[in-house]
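Undergrad:
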Amino acid sequence: FVGSYYLCKDMLNKQDCKYGDNCTFAYHQEEIDVWTEERKGTLNRDLLFDPLGGIKRGNLTIIKILKEHQGIFTFLCEICFDSKPRIISKGLKDSPAVCSNLAAKHSFYENKCLVHIVRSTSLKYSKIRQFQEHFQFDVCRHEVRYGCLREDSCHFAHSFIELKIWLLQQYSGMTHEDIVQESKKFWQQMEAHAGKANNNMASARTPISNTFDLQMKFVCGQCWRNGQVVEPDKDLKYCSAKAHHCWTKERRVLLVMSKAKKKWVSVRPLPSIRNFPQQYDLCIHAQNGRKCQYVGNCSFAHSPEEREMWTFMKENKILDMQQTYDMWLKKHNPGKPGEGTPLTSREGEKQIQMPTDYADMVVPYSR
Numbered sequence: 001f002v003g004s005y006y007l008c009k010d011m012l013n014k015q016d017c018k019y020g021d022n023c024t025f026a027y028h029q030e031e032i033d034v035w036t037e038e039r040k041g042t043l044n045r046d047l048l049f050d051p052l053g054g055i056k057r058g059n060l061t062i063i064k065i066l067k068e069h070q071g072i073f074t075f076l077c078e079i080c081f082d083s084k085p086r087i088i089s090k091g092l093k094d095s096p097a098v099c100s101n102l103a104a105k106h107s108f109y110e111n112k113c114l115v116h117i118v119r120s121t122s123l124k125y126s127k128i129r130q131f132q133e134h135f136q137f138d139v140c141r142h143e144v145r146y147g148c149l150r151e152d153s154c155h156f157a158h159s160f161i162e163l164k165i166w167l168l169q170q171y172s173g174m175t176h177e178d179i180v181q182e183s184k185k186f187w188q189q190m191e192a193h194a195g196k197a198n199n200n201m202a203s204a205r206t207p208i209s210n211t212f213d214l215q216m217k218f219v220c221g222q223c224w225r226n227g228q229v230v231e232p233d234k235d236l237k238y239c240s241a242k243a244h245h246c247w248t249k250e251r252r253v254l255l256v257m258s259k260a261k262k263k264w265v266s267v268r269p270l271p272s273i274r275n276f277p278q279q280y281d282l283c284i285h286a287q288n289g290r291k292c293q294y295v296g297n298c299s300f301a302h303s304p305e306e307r308e309m310w311t312f313m314k315e316n317k318i319l320d321m322q323q324t325y326d327m328w329l330k331k332h333n334p335g336k337p338g339e340g341t342p343l344t345s346r347e348g349e350k351q352i353q354m355p356t357d358y359a360d361m362v363v364p365y366s367r
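Read in order, the letters of the sequence shown correspond to residues 1 to 367 in full-length UniProt numbering.
Structure (structure tokens):
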């Protein structure tokens, strides 16, 4: 969840919450403050009373760390990473001994550092320093609050993930090279498992018809990120919320009603309109009920509904979400103008499409 946290309405009305521990709203302002700090990474409740968070050294493995924290371990150029502003440089594909920062061309093998990369609301990079015997098994309180001025010379861990790697290195003697290889091996196994599962699902999957029967509607994207389902006003200029966000093509989100979950699910535009795959498969993270960690526009569907929508659009050669919605609306509500379409385009016989409408979708993506 990336939106703002809100107080439970039952608690505001001084009533018992009917959802109990399953309530997704905060019971008091202090809980909102804690959730906010945890999301920013400045607070870890496991460390409040136990610096090691109950970790037993013998139970730590790279697989367990990745399953808990997600992300990947990789090498980046340390000189570029420590520069201000920070520069993210890997080894060049054609010349791996040199970093990808063409303006500097540092020796990559002599200056590489281990980094944990995870995608949440944005990319988060955590440098993992090589463990030394004089290091302290605790997280630096300065780094958590406002940043440690001692940087690499600090004897305390600068993240919970760095602390766990130190514990693992002390117990097992693993090197940074071993950690990166274990990380690669883990994700290769996960991808292979996902591909096998998708093939099994594809063989048992019934053909999707040329009609799309799921209920759908356009909502305000900004309100949707805040956990609200808000449709436009009658003039299609603003959303109907009190904030009155502008109603434009770029700021709206298409939702479909999931028959399995009995709730609205967002559907992204096609990842590419240049080359259609033979079939769309589910993202491995979505299959496991986790947030997608892919950096960029994931070309795997994040829900069965999204996969069904993409397949319908591919088979019917529909490239635009508005066209899909208009087709559905014409079948289920004949004679009703499209809710996602501005009044000016309703009056014309044909919607005018500009070349820039698909500018963000024609860029090729690769995993």
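Cβ atoms here follow ideal geometry from the backbone N, Cα and C, with glycine treated the same way.
1) Within the segment 77 to 135, note down every full alpha helix (DSSP H) run reaching 4 residues or more, in order along the chain.
2) Quick check: what's the CA-CA separation for T24 versus I79?
3) Give the DSSP-derived three-state secondary structure of C223 in the structure shown.
4) Could you please give the first and the last residue of the uninterrupted alpha helix (DSSP H) stretch that includes L255?
5) Which residues bound the alpha helix (DSSP H) around K40?
6) Relative to the C-alpha of N226, which residue among D235, H245 and H332 is closest?
7) Which value, in whole angstroms, describes the spacing of the CA atoms of H134 and S126?
8) Thinking C-beta only, is A301 closer than 8 angstroms to D281?
9) Measuring alpha carbon to alpha carbon, tell me which of A104, F131 and H193 ends up nearest S83.
10) Let me check understanding here. Comparing Cα to Cα, which of E305, P277 and L270 lies closest to A286?
11) Please report the residue range of the alpha helix (DSSP H) in which K263 lies.
12) Please state the DSSP three-state secondary structure of V144.
13) Let me make sure I understand the geometry here. Which of E162, W187, I117 and R145 has the alpha-carbon closest to that of D138?
14) Using a 10 Å radius around the Cβ and a threshold of 16 neighbouring Cβ atoms, would you call E143 buried or exposed?
15) Residues in its own chain within less than 8 angstroms of G3 by CB, not counting five upstream and five downstream?
16) What number of angstroms, rounded off, separates the C-alpha of L270 from the C-alpha of Q130?
17) Would you decide whether P277 is buried or exposed? Buried here means 16 or more other CB atoms lie within 10 Å of its CB.
18) Taking 8 angstroms as the cut-off, does the segment 183 to 193 touch the segment 70 to 79 (at least 3 CB pairs, one atom from each stretch)?
19) Exposed or buried, which one is Y325 when buried takes at least 16 other CB atoms within 10 Å?
20) At which residue ranges does the segment 272 to 337 contain complete beta strand (DSSP E) runs of 3 or more residues, listed in the order of the chain?
21) Can the beta-carbon of F81 be found less than 8 angstroms from the beta-carbon of P96?
22) Could you spell out where the alpha helix (DSSP H) holding H69 opens and where it closes?
23) Classify P85 as buried or exposed, calling it buried when 16 or more other Cβ atoms lie within 10 Å of its own Cβ.
24) Suppose the cutoff is 8 angstroms on Cβ atoms and the five residues either side in sequence are ignored; what does the same chain contact list for N101 look like?
25) Please state the DSSP three-state secondary structure of V139.
26) Pull up the distance between the alpha-carbon of G340 and that of H193, whole angstroms please.
27) Could you tell me which residues DSSP puts in a beta bridge with M216?
28) Measuring CA to CA, which of L7, K18 and Q132 is closest to D33?
29) Mapping DSSP to helix, strand and coil, what is L163?
30) Determine which residues share a DSSP beta bridge with F156 and list them.
31) Would H116 pass as a contact of C140 if the rule is Cβ separation under 8 angstroms?
32) Work out the CA separation of Q132 and W264 for me, nearest whole Å.
33) Going by alpha carbons, who is nearest to T61 out of T175, R150, L123 and T311?
34) Do P232 and C223 have their beta-carbon atoms positioned less than 8 angstroms apart in this structure?
35) In chain order, what residues of the same chain have a beta carbon less than 6 angstroms from the beta carbon of M321, not counting five sequence neighbours either side?
TA: In this structure, then:
1) Considered as a whole, the segment 77 to 135 harbours 78 to 82 and 108 to 111 as its complete alpha helix (DSSP H) runs of no fewer than 4 residues, in chain order.
2) Here residue 24 refers to the residue found at position 24 of the sequence shown. Here residue 79 refers to the residue found at position 79 of the sequence shown. Computed Cα separation, rounded: 43 angstroms.
3) Here residue 223 corresponds to residue number 223 of the sequence shown, with the count starting at 1. Here C223 sits in helix by DSSP.
4) By 1-based counting over the sequence shown, the position of residue 255 is 255. L255 -> not in any alpha helix (DSSP H); beta strand (DSSP E) instead, spanning R252 to S258.
5) Here residue 40 is taken as the residue at index 40 of the sequence shown, counted from 1. In the DSSP annotation of this structure, the continuous segment of the alpha helix (DSSP H) that includes K40 starts and ends at Q29 to K40.
6) By 1-based counting over the sequence shown, the position of residue 226 is 226. Of the candidates D235, H245 and H332, the one whose C-alpha sits nearest the C-alpha of N226 is H245.
7) For this step, residue 134 is matched to residue 134 along the sequence shown. For this step, residue 126 is matched to residue 126 along the sequence shown. Put simply, the backbone Cα of H134 is about 21 angstroms away from that of S126.
8) Taking the sequence shown and counting its residues from 1, one reaches residue 281 at position 281. Taking the sequence shown and counting its residues from 1, one reaches residue 301 at position 301. A contact, by the Cβ cut-off of 8 angstroms.
9) Residue 83 sits at position 83 when you count from the first residue of the sequence shown. Answer by Cα proximity: A104.
10) Within the sequence shown, numbered from 1, the residue matching residue 286 stands at position 286. Measuring from the Cα of A286, the nearest candidate turns out to be E305.
11) Position 263 of the sequence shown, counting from 1, holds the residue named residue 263. Note, K263: premise wrong, no alpha helix (DSSP H); beta strand (DSSP E) at K263 to V267.
12) Along the sequence shown, read from residue 1 onward, the residue named residue 144 stands at position 144. It is helical.
13) As a first step, residue 138 must be located in the sequence shown, where it is residue number 138. It is E162.
14) Looking up residue 143 in the sequence shown gives position 143. So E143 ends up on the buried side.
15) By one-based count along the sequence shown, residue 3 stands at place 3. Closer than 8 angstroms at Cβ, skipping near neighbours: R225, N226 and G227.
16) As a working note, residue 270 is residue 270 in the sequence shown. As a working note, residue 130 is residue 130 in the sequence shown. Those two C-alpha atoms are separated by around 43 angstroms.
17) The residue you call residue 277 lines up with position 277 of the sequence shown. It is exposed - the Cβ of P277 has fewer than 16 other Cβ atoms within 10 Å.
18) yes
19) Sequence index remark: in the sequence shown, residue 325 carries index 325 (1-based). By the neighbour-count rule (16 or more Cβ atoms within 10 Å), Y325 is buried.
20) none
21) Residue 81 sits at position 81 when you count from the first residue of the sequence shown. Residue 96 sits at position 96 when you count from the first residue of the sequence shown. The answer is no: Cβ separation not under 8 angstroms.
22) The residue given as residue 69 occupies position 69 in the sequence shown. Counting along the chain, the alpha helix (DSSP H) containing H69 begins and ends at I62 to H69.
23) Mapped onto the sequence shown, residue 85 falls at position 85. By the 10 Å Cβ count, P85 comes out exposed.
24) In the sequence shown, the residue the question calls residue 101 occupies position 101. Result list for N101: C77, C80, I87 and S89, in chain order.
25) Position 139 of the sequence shown, counted from the first residue, corresponds to residue 139. It is a strand residue.
26) Within the sequence shown, the letter at position 340 stands for residue 340. Within the sequence shown, the letter at position 193 stands for residue 193. Low per-residue confidence applies at G340: pLDDT is 48, beneath 50, and the placement is therefore not dependable, though the value from the model is reported in the following sentence. Rounded to whole angstroms, G340 to H193 spans 39 angstroms at the Cα level.
27) Within the sequence shown, the letter at position 216 stands for residue 216. DSSP, once it has assigned bridges, lists V256 as partnering M216.
28) As a position in the sequence shown, residue 33 is number 33, starting the count at 1. Among L7, K18 and Q132, the Cα nearest to that of D33 belongs to L7.
29) Here the question's residue 163 lines up with position 163 in the sequence shown. In the structure shown, L163 sits in a helix (DSSP, three-state: H, G or I).
30) Translated into positions along the sequence shown, residue 156 becomes position 156. According to DSSP, F156 bridges with Q136.
31) The sequence position of residue 116 within the sequence shown is 116, counting from 1. The sequence position of residue 140 within the sequence shown is 140, counting from 1. Cβ atoms of H116 and C140: not closer than 8 angstroms.
32) As a position in the sequence shown, residue 264 is number 264, starting the count at 1. As a position in the sequence shown, residue 132 is number 132, starting the count at 1. The straight-line gap from Cα to Cα measures roughly 51 angstroms.
33) Taking the sequence shown and counting its residues from 1, the one referred to as residue 61 is at position 61. The candidate whose alpha carbon is nearest that of T61 is T175.
34) Numbered from 1 along the sequence shown, position 223 holds the residue referred to as residue 223. Numbered from 1 along the sequence shown, position 232 holds the residue referred to as residue 232. Cβ distance not < 8 angstroms, so C223 and P232 don't count as in contact.
35) Within the sequence shown, residue 321 is the residue found at index 321, counting from 1. Excluding residues within five positions, the ones whose Cβ falls inside 6 angstroms are L254 and P269.
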